[in-house]
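What follows is one structure encoded as structure tokens, with my remarks underneath.
In mature numbering (1 follows the signal peptide of the UniProt record, and there is no 0), the protein residues as written are -20 to -1, 1 to 124.
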């Protein structure tokens, strides 16, 4: 009897894992706006994994390049992370130009590796682990 229970649990676990594997790379689960974002800024990079957070109604997309992008339920990006890889210029162009100018003057040769939208504006992380805060219009607010 115990053997049947173990087999049943194993089969259910396997079926659940197979279903999750099928869904985790399927772009169609993303809002159209998120798909357009990926096609525009990461056109030749394959999706490694897609995770949907029901509680927050957010999508986390992990790319084969190591970049991770979070989208809200409507497909608007909320966070773009390159781990330790610089973000593409097209992504940096999404934030106010004042931010890029400030970083190039004060942190030369330190690429942006993460951008996060916050209530106050943006948090930008650099390759040297500096975490900088900026207002919505690009004014420097301080270090985090």
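Ideal Cβ positions, reconstructed from N, Cα and C, are used throughout, including at glycine.
Quiz item: Taking DSSP as the reference, what is the three-state secondary structure of residue 13?
Solution: helix
Quiz item: Should residue 39 go down as buried or exposed, given a rule of 16 or more other Cβ atoms within 10 Å for buried?
Solution: buried
Quiz item: Looking at residue 72 and residue 92, is the spacing between their C-beta atoms short of 8 Å?
Solution: yes
Quiz item: What residue from 98, 27, 117 and 124 has the CA that sits closest to residue 57's CA?
Solution: 98
Quiz item: Near residue 45, which residues of its chain fall below 6 Å by C-beta distance, leaving aside the five closest residues on each side in sequence?
Solution: 25
Exercise. Within the same chain, show all residues whose beta-carbon is closer than 7 Å to that of residue 76, passing over the 5 residues directly before and after it, in chain order.
Key: 117 and 118
Practice problem: For residue 41, count neighbouring Cβ atoms within 10 angstroms of its own Cβ and tell me buried if that reaches 16, exposed if not. | Solution: buried
Quiz prompt | Inter-residue Cα distance where the pair is residue 52 and residue 104 | solution = 19 Å
Practice problem: State the DSSP-derived secondary structure class of residue 25, mapped to helix, strand or coil. | Solution: coil
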